[in-house]
Structures are given as structure tokens and as C-alpha cells.
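Reading through the C-alpha cells given below for one structure.
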Amino acid sequence: MIEPDTLRKFFLFSALTDEELIPILPLFKVRKYRKGQILFLEGEIGSQVYFVLEGQIKLSKSLPTGEEQILDWCGPYDSIAEILLVESGSYPTTAETVRESTLLVLGNQGMPEILESNPSLAVALIRKLNMRLRLNQEFIRVLTSRSSAGCLAMLLLRLAKPADTPGEPIYFDGSITNKELASMIGTSRELV
Numbered sequence: 001m002i003e004p005d006t007l008r009k010f011f012l013f014s015a016l017t018d019e020e021l022i023p024i025l026p027l028f029k030v031r032k033y034r035k036g037q038i039l040f041l042e043g044e045i046g047s048q049v050y051f052v053l054e055g056q057i058k059l060s061k062s063l064p065t066g067e068e069q070i071l072d073w074c075g076p077y078d079s080i081a082e083i084l085l086v087e088s089g090s091y092p093t094t095a096e097t098v099r100e101s102t103l104l105v106l107g108n109q110g111m112p113e114i115l116e117s118n119p120s121l122a123v124a125l126i127r128k129l130n131m132r133l134r135l136n137q138e139f140i141r142v143l144t145s146r147s148s149a150g151c152l153a154m155l156l157l158r159l160a161k162p163a164d165t166p167g168e169p170i171y172f173d174g175s176i177t178n179k180e181l182a183s184m185i186g187t188s189r190e191l192v
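So in the numbering used here, the last spot in the sequence shown is 192, and the numbers never skip.
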């Protein structure tokens, strides 16, 4: 079974006490996925929220031209499809593992009741969704500026991971290719 300290590594659960976490621990399932596995497809009815323990997940959308637009990369202690905790609906993106991954999977059945009975979790979810909205708004602003260099700089900052301890440098996962970076900002590989 998952420990409360493991869940607290995720932003959504970081401020919750053991008393708030223990009742929801049995709702999580640990799942392992191979590289290249599809977790869900864009437009598919969503029933689960994912929390990355290990590995990396690519979030993308299909363009009308048939090309893939990469929207984000999720690594350890990132969560995917949290909006499904609030309301049922379809997945807005496709999620695919880009390396072997271990995820916590949480079904969204009964989540509205859990959020109503746990105000700390509800507030944390609002903060997480607000943080994602702000990041996306800033990214859209940079993308619409039409500057490839500015878009790339913003993307690299967005993908940078914080240092483990204060004073250390941030780092960037070098496994993302130039082609994938170009796909995320809507330009060619040669410009990245």
C-alpha cells in the first residue's frame, strides 16, 4: 500500500495531514507501463487520474493535418488529468509513456464527494489547476509572439526541473529531442 509520505511528494497532496490522506490511500493503484504504451487517447471518456512515480509521459494532441502537437512532458511527481477529479468528461490530450513508468492510478468515481468532505484537498486541487492555467496562458502568450527563440526559451524554462536543494542549478531532461521540442512550439527541427 502507498504511504502518506509518498502522496505528499505530489503538489496536490503536499499540505495534507496523515488523517486526511489515510482514508484515500486505498483508492490508489500502482501500475507499471512499458515504453510506448498509451494511457489514454484524446477524446476518450476519462475515468482515471494518473500520478507519475517514475518515468516520463508525453501529452499530445492530433492536429487536423494528422501531425502530433506535443503539449507537455510529465515526470516524477507530476499529475495528469486532474480535472477529472472535479467533473467527468473526456481526456483533452493523448498520454503516452516515453520510457518505462510507474504510476499511481486513481479512479474518478466518488471524487466529488471526497472533495466536498476534504476542503484541504479541494483547495489544493484548485491551486494545482490554477497553476496549470497560468502556465498555459503564459505559454500561449509567448507562442503568439511568433518568435521561435522566445518560444523555445519559454518552453525550456517550463520543462526545467527545480534543484533538489536551494542554491543548486535547475536541470533539463536531455532525453527530449530537437524534433519533439520543435513540435511543442510549432516550428521545424532546424530552428531549434
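Glycine included, every Cβ here is placed at the ideal spot set by N, Cα and C.
Legend entry - Residue ranges of each beta strand (DSSP E) within the stretch 112 to 144, 3 or longer: none
Legend entry - Rounded C-alpha distance that separates Leu104 from Ala124: 18 Å
Legend entry - DSSP-derived helix/strand/coil call for Arg6: It is Thr, not Arg, that sits at residue 6 in the sequence shown. Helix, per DSSP.
Legend entry - Minimum length 3: unbroken beta strand (DSSP E) runs contained in the stretch 60 to 119: 68 to 74, 94 to 97, 101 to 107
Legend entry - Own chain, CB closer than 6 Å to Thr187, minus 5 neighbours either side, in chain order: Ser148
Inset, instruction - Go to Glu54, then tell me how far its beta strand (DSSP E) extends in each direction, as first and last residue. - result: 48 to 54
Inset, instruction - Could you say which of Phe13, Ile24, Thr6, Ile2 lies nearest to Ile114 if we only look at CA atoms? - result: Ile24
Inset, instruction - Can you grab the Cα-Cα spacing for the pair Leu7 / Phe28, in whole Å? - result: 10 Å
Inset, instruction - Find out if the Cβ-Cβ distance for the pair Gly107, Gly46 is shorter than 8 Å. - result: no
Inset, instruction - Indicate the three-state DSSP secondary structure (helix, strand or coil) for Leu39 in the structure shown. - result: strand
Legend entry - Minimum C-alpha distance to Asp72 - residue among Glu82, Ile83, Gln56: Gln56
Legend entry - Cα-Cα separation, Gln48 to Arg99: 20 Å
Legend entry - Limits of the alpha helix (DSSP H) - the one that Leu181 falls within: 178 to 185
Legend entry - Closest Cα partner of Leu129 within the set Met184, Thr97, Val86: Val86
Legend entry - Within 8 Å, strictly: CB atoms of Phe40 and Tyr77: no
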